[in-house]
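Below you'll find the structure, written out as structure tokens, and then a few comments.
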Amino acid sequence: MECIIHFTVAYEEGPKKLRGLVFVDKGKLPDGDQILEMFRDMEYNVVPDPNEELVYRPADAGEKYKYIRVNELDVGEAKYTEDRNLKSIVGNLLPKRIGL
Numbered sequence: 033m034e035c036i037i038h039f040t041v042a043y044e045e046g047p048k049k050l051r052g053l054v055f056v057d058k059g060k061l062p063d064g065d066q067i068l069e070m071f072r073d074m075e076y077n078v079v080p081d082p083n084e085e086l087v088y089r090p091a092d093a094g095e096k097y098k099y100i101r102v103n104e105l106d107v108g109e110a111k112y113t114e115d116r117n118l119k120s121i122v123g124n125l126l127p128k129r130i131g132l
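In the working numbering, the protein residues as written are 33 to 132.
The structure is reproduced here in structure tokens:
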């Protein structure tokens, strides 16, 4: 089954919205390794951000983009979309980590 991954690449000139394709088993979403492989196939050498889910940072310091954010995972039936408002509210309610 196909999963269309909608993502935004944050370039210095401004954001660029793109899509990628990953094949998954029916009823499943792609895992982190499948998403990383898709980015590598598109010539984005990235690593997952340790602090933010679905955000990837360039592995090489010389890249022209700051980060890539996955916005939506579309498998045709149900879509996984990050709820930024809910994430912001929860982030404000949780205690802040000190020393990171």
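Each residue gets a CB set at the ideal place from its N, CA and C atoms; glycine is no exception.
- If the five residues before and after Q66 are omitted, its C-beta is found closer than 6 angstroms to the C-beta atoms of V54, all from its own chain and listed in chain order.
- Looking at the DSSP output, G46 bridges to Y43.
- Leaving aside the five residues that flank K49 on each side, the residues in its chain whose CB is nearer than 6 angstroms to its CB run, in chain order, T40.
- The region 51-89 contains, as complete alpha helix (DSSP H) runs of 4+ residues, the segments 64-73 (chain order).
- Contact annotation, A91 with V79: C-beta distance approximately 5 angstroms; criterion of less than 8 angstroms satisfied.
- No Cβ-Cβ contact shorter than 8 angstroms links H38 with N83.
- No Cβ-Cβ contact shorter than 8 angstroms links C35 with L86.
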